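Report on the structure given below.
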Amino acid sequence: MVSVDAGTVGDSSATAVQEILDADPIPDATIISTPGSTVTEGDAATFEVVLSHASHEDIVVAAAAGSGTATAGTDFDASPQNVTIPAGTLSATFTIQTTQDAVYEPDEDFSVSFSGGVTGEVNLVPGSVSGTIVS
Numbered sequence: 601m602v603s604v605d606a607g608t609v610g611d612s613s614a615t616a617v618q619e620i621l622d623a624d625p626i627p628d629a630t631i632i633s634t635p636g637s638t639v640t641e642g643d644a645a646t647f648e649v650v651l652s653h654a655s656h657e658d659i660v661v662a663a664a665a666g667s668g669t670a671t672a673g674t675d676f677d678a679s680p681q682n683v684t685i686p687a688g689t690l691s692a693t694f695t696i697q698t699t700q701d702a703v704y705e706p707d708e709d710f711s712v713s714f715s716g717g718v719t720g721e722v723n724l725v726p727g728s729v730s731g732t733i734v735s
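Counting from 1 along the sequence shown, just add 600 to a position and that's the residue number in our numbering.
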């Protein structure tokens, strides 16, 4: 809130108060696949959280991987991760570590989505993206 003193006229003074409202919309956050989301077994797959427009504050979202044809905890680390998009920026990357084993198997996939845990004002776009593990 801003207060402005308009000065004194004769024996009376005038004061004006102006409230400034933040009219910026809340950004939407989406997880996208990157070229690094298809990896050789044992490597880390890379994903990106993208905002529809920059925020005036840091945004922290939780993302996690889930089973597809690949098995959580066996073929990849399914632990939720906090991803921070710094104020004034549009995106941040994060990785999902895959597990190397000695068994030949066909390519496997897993999904990545938001798992809750938000700090800052943001709308989480529902849905998931896929990662692929090449044996």
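Yeah, the Cβ is synthetic: ideal placement off N, Cα and C, and Gly gets one too. The structure displayed is predicted, hence computed values, not measured ones.
Margin query: In the DSSP output, what is Leu-765 paired with across the bridge?
Written below: Absent from the structure is residue 765, since the part of the chain shown begins at 601 and ends at 735.
Notebook entry, point to check: When the Cα atoms are used, what is the spatial distance from Leu-724 to Ile-632?
Noted result: Distance between the alpha carbons of Leu-724 and Ile-632 is about 13 Å.
Next item on the list: Let me know the secondary structure DSSP gives Ser-730 once reduced to three states.
Entry: Look at Ser-730 here: in three-state DSSP terms it is strand.
Next item on the list: Would you decide whether Ser-679 is buried or exposed? Buried here means 16 or more other CB atoms lie within 10 Å of its CB.
Entry: Classification for Ser-679: exposed.
Check: Gly-666 by DSSP, collapsed to three states: which one?
Finding: In the structure shown, Gly-666 sits in a strand (DSSP, three-state: E or B).
Next item on the list: Quick one: using the 10 Å Cβ neighbour count with 16 as the cut-off for buried, is Ala-645 buried or exposed?
Entry: Under this definition Ala-645 is a buried residue.
Next item on the list: Please confirm whether Ser-715 and Ser-728 have their CB atoms less than 7 Å apart.
Entry: Pairing Ser-715 with Ser-728 gives a Cβ-Cβ distance that is not under 7 Å.
Notebook entry, point to check: Would a C-beta distance cut-off of 7 Å place Val-722 and Ala-616 closer than the cut-off?
Noted result: In this structure, Val-722 sits away from Ala-616, with a CB-CB distance that is not shorter than 7 Å.
Item checked: Proximity below 7 Å, CB of Thr-638 to CB of Asp-675 -> In this structure, Asp-675 does not lie closer than 7 Å to Thr-638 by Cβ.
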